[in-house]
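**Student:** Below is the structure I would like to discuss, written out as structure tokens.
Numbering (the numbering used here), first residue to last: 1016 to 1288.
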């Protein structure tokens, strides 16, 4: 695939003593014809709101990412009055940066932070990819339920529900964490030891047990076998995440992919800070 369009919608809602809502929408294009010089252009809508008081923070912005350089632009922002007060105290005028592209250079950030570039070579990335693929082929971490075919964006698609297998996930976690450490070009000494890996694996297993598993819906094109949509809807008792709390946490995730291989032009902005 040389290019595609993606739309991601994430919605998290809590009920109980402090009800709240958070939603994030991403809508954008990816140019991946040149794997080492991929380009991304996204529009982001973000909202977080306290349901009882009605206080909210929201913004809309654009991002362009091109290898070692990214550009950000804030189109609009809504800030609670108490935050506006602090901006005034520090003399920050939000109108001066709204609508203005801001350039962030990865190499400059690394120089400021004194960090090193830990990016893998193309050959190393391919090796890592094959290792991960091999693990998932050998150990199926899910069971599959086939649903009736459906139409997505005017195209017929296979519809499946994947149910995660806790025991299988517990088996592969140490291997995946080991690969992650290798790909970061760092030794496990002082970062993650055997005891740490066991602890992380146990935490993930306990979390999956508390939320009573997870189902993932997939739609795959009948003619082209491309992934069209991924959907997760999950309701969790708040007490499963933190003892003594009440209410529920509802998570909705929806990813829709389209416009595979269609022409896309992503260029850096002419004017930026």
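Even for Gly, the Cβ is constructed at its ideal location relative to N, Cα and C.
Is there contact here, the stretch 1260–1272 with the stretch 1235–1251, by at least three beta-carbon pairs under 8 Å?
**Tutor:** Yes, the stretch 1260–1272 touches the stretch 1235–1251.
**Student:** Measure how close the beta-carbons of residue 1262 and residue 1029 come, nearest whole angstrom, since I'm counting them as under 8 Å.
**Tutor:** That belief holds up - the Cβ atoms of residue 1262 and residue 1029 are roughly 6 Å apart, short of 8 Å.
**Student:** Please state the DSSP three-state secondary structure of residue 1034.
**Tutor:** It is coil, neither helix nor strand.
**Student:** If we call anything under 9 Å between Cβ atoms a contact, is residue 1037 one with residue 1054?
**Tutor:** The answer is no: Cβ separation not under 9 Å.
**Student:** Across which residues does DSSP place residue 1143 in a beta bridge pair?
**Tutor:** Paired residue(s): none; residue 1143 is not in a bridge.
**Student:** Secondary structure at residue 1262, three-state DSSP: helix, strand or coil?
**Tutor:** Looking at residue 1262 - three-state DSSP - the assignment turns out to be coil, as it is neither helix nor strand.
**Student:** Three-state secondary structure (DSSP) at residue 1281?
**Tutor:** The answer is coil: DSSP assigns residue 1281 none of H, G, I, E or B.
**Student:** By the DSSP assignment, the alpha helix (DSSP H) with residue 1189 in it spans what residues?
**Tutor:** Residue 1189 -> alpha helix (DSSP H) spans 1181–1198.
**Student:** Starting from residue 1158, trace the alpha helix (DSSP H) in both directions and tell me its first and last residue.
**Tutor:** Element bounds for residue 1158: not the alpha helix (DSSP H) but the beta strand (DSSP E), 1157–1167.
**Student:** Which runs of the beta strand (DSSP E), 3 residues or longer, sit entirely within the stretch 1209–1244?
**Tutor:** Segments of the beta strand (DSSP E) lying fully in the stretch 1209–1244: 1230–1236.
**Student:** I'd like to know if the stretch 1270–1287 and the stretch 1209–1217 are in contact, where contact means that at least 3 CB-CB pairs between them fall below 8 Å.
**Tutor:** No, the stretch 1270–1287 does not touch the stretch 1209–1217.
**Student:** From the DSSP output, read off the bridge partner residues of residue 1058.
**Tutor:** Residue 1058 pairs with 1042, 1077.
**Student:** Alpha carbon to alpha carbon, how far is residue 1172 from residue 1166? Give it in angstroms, no decimals.
**Tutor:** Their Cα atoms are separated by approximately 6 Å.
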